[in-house]
Amino acid sequence: MLSRLAAFCLSLLILSSLSLAARASELSDQLAQGDQVLIMRHARAPGIGDPAGFVLGDCSTQRNLNEEGREQARKIGNWLRQQGVSRAVVASSPWCRTRETAALLGFGEPQAQDALASFFNDPVQAETANRRLEQYLRSALPGKGSRALILVTHDVNIARWTGESLASGEMVLVRVDAGGRPVSHKVYARPD
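Numbering of the sequence shown is given in our numbering, commencing with residue 2 and proceeding in unit increments.
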């Protein structure tokens, strides 16, 4: 009886593992397509916005990742690899917290991209920011091949573009049309 029970449990474990493997490749399969992008909010950087008088090129004047944020970024990179993402084009906003998050994902040197720049301090720029992002996607998606395109930006940008407000390190898989506009999306919680 025990050996039958053990065989049954082993069978369930194998089936469960196969199911997890199938789900694990779903994200990477979608990101290999030419109309999918993963956009994420930078990892944990305590506070809101940036200090008065911050300078974009000077990280010491900005709100930056803390150690928890750095660890989050590394975990997200590891989680993405567990999902089958092995090659990626990574771009980030010019802000230090997004650039550091993007680098810690571990997919090579990220590209700083003005199309991902925060408009938190100038909300009038929201529509212009969306147009710049969509223009960037029209040029970046065709050139990525089967690699994933991962964008690291700010909550204000993601919320305006997708309608989803994210916590630090959360992600949205977005399918876009030929104009770079979002068609559908799926939110991924930050892996812990």
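Ideal placement from N, C-alpha and C gives every residue a C-beta, glycine not left out.
Everything numeric in this text was worked out from a predicted model, so none of it was measured.
The alpha carbon of Gln-136 has as its nearest neighbour, out of Ile-159, Ala-179 and Ala-168, the alpha carbon of Ala-179. Take the alpha-carbon of Leu-117 and the one of Thr-154: they are about 6 Å apart.
The beta carbon of Ala-46 is closer than 8 Å to those of Arg-64, Asn-65, Leu-66, Asn-67, Gly-70, Arg-98 and Ser-169 in its chain, skipping five residues each way along the sequence. Judged by DSSP secondary structure, Pro-52 falls outside any alpha helix (DSSP H); it is assigned neither H nor E. Taking 9 Å as the cut-off, the Cβ atoms of Thr-163 and Pro-183 count as close.
Annotation: Asp-51 to Pro-143 spans about 34 Å, alpha carbon to alpha carbon. The three-state secondary structure of Arg-42, taken from DSSP, is strand. In this structure, DSSP gives Ala-130 a helical state, which the three-state scheme calls helix.
In this structure, the alpha-carbon of Ala-53 lies about 19 Å from that of Ser-94. Residue state for Lys-145 is assigned as coil, using DSSP reduced to three classes. Look at the stretch 70-115 and you find these whole runs of alpha helix (DSSP H), each 4 residues long or longer: 97-105.
Phe-108 is not a Cβ neighbour of Ile-40, given a cutoff of 9 Å.
In terms of Cβ geometry, Ala-44 and Gln-83 do not form a close pair [threshold 9 Å].
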